[in-house]
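A.B. asks:
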Amino acid sequence: MNQSSELILPGSHGFSPYQEPIKHTLTGSKRAIYITIRNLQTLGYATVSEWSPLQRTYNPGEYICILQRNLILD
3 MNQSSELILP GSHGFSPYQE PIKHTLTGSK RAIYITIRNL QTLGYATVSE WSPLQRTYNP
63 GEYICILQRN LILD
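In our numbering, each residue's number is its place in the sequence shown (first place is 1) plus 2.
1) Classify Glu22 as helix, strand or coil using the three-state DSSP reduction.
2) Let me confirm a value: Arg33 is counted as buried when at least 16 other C-beta atoms fall within 10 Å, else exposed. Which label applies?
3) Given that a residue counts as buried once 16 or more other Cβ atoms are within 10 Å of its Cβ, and exposed if not, what is Arg40?
4) Using the rule of at least 16 other Cβ atoms within 10 Å of the residue's Cβ for burial, across every protein chain shown, is Ile74 buried or exposed?
5) How is Leu56 classed by DSSP in three states: helix, strand or coil?
If you want it as structure tokens, here you go:
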């Protein structure tokens, strides 16, 4: 993945001027979120440092974090 948090879709060569923001949200226990983030890093989708810090939600024991990307669309 490139360093600017852009995801180039299949069929796109990065020459399209059109970008669309997308947010991935994880909500759950700290453990479940950390495991998911590590799995996504193992798959090469996003590094741990690309995710926002965990934030508590209003539900006891529940946390949220966000990954924001720009998709380059054809």
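Every residue, glycine too, gets a C-beta built ideally from N, C-alpha and C.
C.D. replies: Well, looking at it:
1) Against the sequence shown, residue 22 aligns to sequence position 20. It is a strand residue.
2) Within the sequence shown, the letter at position 31 stands for residue 33. Arg33 comes out exposed.
3) Translated into positions along the sequence shown, residue 40 becomes position 38. That one is exposed.
4) Position 72 of the sequence shown, counted from the first residue, corresponds to residue 74. Burial state of Ile74 is buried, judged by a 10 Å Cβ sphere holding 16 or more other Cβ atoms.
5) Within the sequence shown, residue 56 is the residue found at index 54, counting from 1. Leu56 falls in the coil class under three-state DSSP.
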